[in-house]
Amino acid sequence: MNRLAKESTLIEEFALSGNSFSKRIEFDDAKGNKISTRVGVKVKNMLLHPPIYKAKHYDDLHDTVVLAVEEKKPTDRDRIRWTLITNLPVAKKADALKVLDWYKQRWKSEVYFKVLKSGLGLESSKLRERKRLERWIAMCCIVGWRLQWLTLLARESETFPETRVFVKSECLILKRTGKLCDEQVDMKVYLYALAKLDGYLNRTSNPPPGITVIWRGMRRLSELRQGYELAFEKNVGN
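Just add 521 to the spot in the sequence shown (first one is 1) and you have this note's numbering.
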């Protein structure tokens, strides 16, 4: 167990450590481009002190620190530098890689809560009874998951069947509003047509549609679907 001196920093402590390994990671940049790079990873078990002005109220922490730094400094963005503190046991390389992978997934959780709060207005609910509030939260969680899933599909999948995402009337609406040809339609094309309902331009310089564009597109698609179904019922009645 390394005791972190009160006058030293994590970076200074890791500079003295020679034990490390290299790992290739992949991620999407701000424009949605796939980036592949290598990071040097170091792991240390440390005794961390609280800030001096809070030392009387908090105990020292026995934690593991995982430091990942990009090996080569890129020219078009900041170098990756992750300093991760965990109370999970990190006894081998596989444990450290698991910590890094969990951190990579963290942003998806942040986006999910953004969908619930900003997209679905979860916090603005006027419900006060517990059972009604629980049902509302449960429904929003399902809708929020679907919106985030659609956003990931728009970036990763072309072969997923559109009939498992949209009903028949929605597919027809997206084909007509997006002016899609039957011979060139795949999952990504449908989802980009959905994003265009919110004004997404799909220019070469544009990143893939984000979660905000997708949820606004779904809201617009829902309105169009209601109008389509009402018009269809009227024609059937005549």
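For every residue, glycine included, the Cβ atom is placed at its ideal position computed from N, Cα and C.
Extent of the continuous alpha helix (DSSP H) to which residue 556 belongs: Residue 556 -> not in any alpha helix (DSSP H); beta strand (DSSP E) instead, spanning 555-569.
One or two residues paired with residue 585 in a DSSP bridge: Note: residue 585 sits in a beta bridge opposite 566 and 607.
Extent of the continuous beta strand (DSSP E) to which residue 545 belongs: It spans 542-549 - the beta strand (DSSP E) in which residue 545 sits, taken as one unbroken run.
Distance between beta carbons of residue 562 and residue 612, contact taken as under 8 Å: Contact between residue 612 and residue 562 does not hold, since their C-beta atoms are separated by about 14 Å, which reaches or exceeds 8 Å.
Residue range of the unbroken alpha helix (DSSP H) whose run includes residue 698: That run of the alpha helix (DSSP H) goes 689-699.
Residue 592 (DSSP reduced to helix, strand or coil): Correct three-state label for residue 592: coil.
Contact set for residue 571: own chain, Cβ-Cβ below 6 Å, skip 5 residues either direction: These residues qualify, in order along the chain: 579.
Residue environment, residue 636, which counts as buried when at least 16 other CB atoms sit within 10 Å: Around the beta carbon of residue 636, a 10 Å sphere encloses 16 or more other beta carbons of the protein chains shown; the residue is thus reported as buried.
Alpha-carbon to alpha-carbon, residue 668 and residue 736: So the two alpha carbons sit approximately 6 Å from each other.
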